[in-house]
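> The following block contains the structure, expressed as structure tokens.
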Amino acid sequence: MPELPEVETVRAALAPVMTGARIVGVDIRRPDLRWPLPSSLYDDLHNKKVSFVGRRAKIIVIAVEEKAIMLHLGMSGSVRISSHKPNAKPHDHIELQVSNGQETHYITLNDPRRFGYVDSVLLDDLSAHPSMSQLGPEPVAIEDQTLQVGDIVDLPYLNQALAQSKSPIKSFLLDQRQIAGLGNIYVCEALHRAGISPKRKAYTVKGARAARLLPAIQKVLEEAILQGGTSLRDHKQPDGKLGYFVQSLLVYGRDGELCTSCKTPIKAIVQSGRTSFYCPQCQR
DNA sequence: CTCCTGACCTGAGTGC
DNA sequence: TGCACTCAGGTCAGGA
């Protein structure tokens with residue numbers, strides 16, 4: 000499910016509820032998601048104080064005293080926040096109760112497919128964690144983000160990375176080691192906005208094309224964050240609202256419909272196991 | 001090394 | 001209504 004904008008939506012909802020609050024209840028309902036949960040998880044959380052909620056790529060990082068709790072939502076993960084104890088739903092795997100002394104909130108992690116994971120490391124070791132150390136730069140800078148994220152991607156970096164890859168640009172942009180945080184939806188949308196075919200080899204994206212690509216990526220992500228992400232089937236914001244960016248998608252999920260700029264039918268092809276949607280006329 | 005495929009898992013949608 | 005089948009916001013191990 001969630002790409003960077005959806006994860007950022009979750010982070011931004013968790014931050015005001017968790018920052019400075021104490022975790023007074025921890026209910027872990029199964030031993031594993033994609034991988035076994037860390038055996039220390041209960042102790043890492045229970046009766047501990049949260050100092051900040053950050054994000055790196057698609058990973059939410061919750062600093063709990065000396066530990067960093069890493070939360071990845073996989074394809075189908077979501078978080079609900081409620082002010083009273085919620086009724087347990089299927090696939091609610093972890094429930095936390097947090098209190099800042101005045102208010103109490105319940106935070107529930109739901110993940111039907113269990114492609115997500117939770118891990119726990121010392122804060123000092125966070126950047127060395129295998130799923131952190133390989134990540135490329137962040138595509139956009141987010142205000143109010145307390146976590147020290149990696150560098151923000153810039154044109155010189157992008158040009159150099161593109162020049163070294165023989166993959167199709169579609170696969171290049173999905174590769175979290177190149178730029179971190181993009182997924183299938185926003186890659187399709189960014190390539191459409193930039194007028195670049197998903198089939199084009201990365202090393203041939205240069206000059207004006209590369210210069211269009213970077214702002215296309217950044218704008219599509221920034222707009223999506225403002226609209227609470229994209230709700231297709233699973234994603235909801237933690238307060239239960241949908242993400243409204245779905246109405247701004249110009250190609251994703253629209254095969255057979257006419258391109259908004261040139262009226263050519265949108266095509267769907269499969270590239271490295273993922274569907275790419277694009278306009279064969281506008282995107283070259 | 002790089003690149004691609006299949007596997008992981010459940011639920012929603014479609015067509016018969 | 002039921003059943004078989006396909007597909008899905010991600011990533012990773014393994015093979016070419």
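Numbering that gives the first Met the number 0 puts the first residue of the first sequence at 0, with every later residue one more than the last.
From the three backbone atoms N, C-alpha and C, an ideal C-beta is built for every residue, glycine too.
Quick caveat, the model's predicted, so the values are computed rather than measured.
Do you know whose CA, among R33, P155, S119, G19, lies nearest I59's CA?
Ranking R33, P155, S119, G19 by Cα distance to I59 puts S119 first.
> Within the same chain, show all residues whose beta-carbon is closer than 6 Å to that of K240, passing over the 5 residues directly before and after it, in chain order.
The answer is none, since no qualifying residue turns up.
> Counting only the same chain and skipping the five closest in sequence on each side, list residues whose C-beta sits under 8 Å from that of L122.
A62, E65, K66, A67.
> Residues in the same chain with beta-carbon distance under 6 Å from N183, minus the five sequence neighbours each way, listed in chain order, please.
R273.
> Note down, one range per segment and in chain order, each alpha helix (DSSP H) of at least 4 residues found wholly within the stretch 10-70.
Runs of the alpha helix (DSSP H) inside the stretch 10-70: 40-44.
> Could you give the residue range of the beta strand (DSSP E) that holds N109?
103-109 is the span of the beta strand (DSSP E), which, as asked, contains N109.
> Relative to the ligand HEM, is the shortest distance from any of its heavy atoms to the C-beta of D124 smaller than 7 Å?
The model on display carries no ligand, and the ligand HEM is accordingly not part of it.
> Check the DSSP bridge columns for E137 and list the partner residues they point to.
DSSP output for E137 lists I151 as bridge partner(s).
> I'd like the span of the beta strand (DSSP E) that includes K169, first residue to last.
Taken as a continuous stretch (DSSP letters only), K169 belongs to no beta strand (DSSP E), being part of the alpha helix (DSSP H) at 168-173.
> CB Y116 to CB H71, shorter than 8 Å?
Yes, they are a contact pair.
> Give the straight-line distance between the Cα atoms of V23 and L40, rounded to the nearest whole angstrom.
Each residue's Cα considered, the two are about 14 Å apart.
> Out of P89, L161, T103, M69, state which residue places its alpha-carbon closest to the alpha-carbon of M131.
Of the candidates P89, L161, T103, M69, the one whose C-alpha sits nearest the C-alpha of M131 is M69.
> Excluding sequence positions up to five away, which residues of its chain have a Cβ less than 8 Å from the Cβ of K218?
Only R192 meet the Cβ criterion.
> With 16 other CB atoms within 10 Å as the buried threshold, where does I216 fall?
Buried is the call here.
> How big is the Cα-Cα spacing for I168 and A14?
Those two C-alpha atoms are separated by around 34 Å.
> Going along the chain, which residues of its own chain have a beta-carbon closer than 8 Å to the beta-carbon of Y202, five neighbours each way excluded?
Same-chain partners within the cutoff: L161, A162, Q163, S164, K165.
> Taking all protein chains shown into account, decide if G180 is buried (16 or more other Cβ within 10 angstroms of its Cβ) or exposed.
Per the 10 Å Cβ criterion, buried.
> Which whole-angstrom value describes the C-beta separation of V245 and L231, a residue pair presumed to lie in contact below a C-beta threshold of 8 Å?
The pair is a contact, with the Cβ atoms about 6 Å apart (cut-off 8 Å).
> Starting from H191, trace the beta strand (DSSP E) in both directions and tell me its first and last residue.
Here H191 belongs to no beta strand (DSSP E); instead the alpha helix (DSSP H) covers 183-193.
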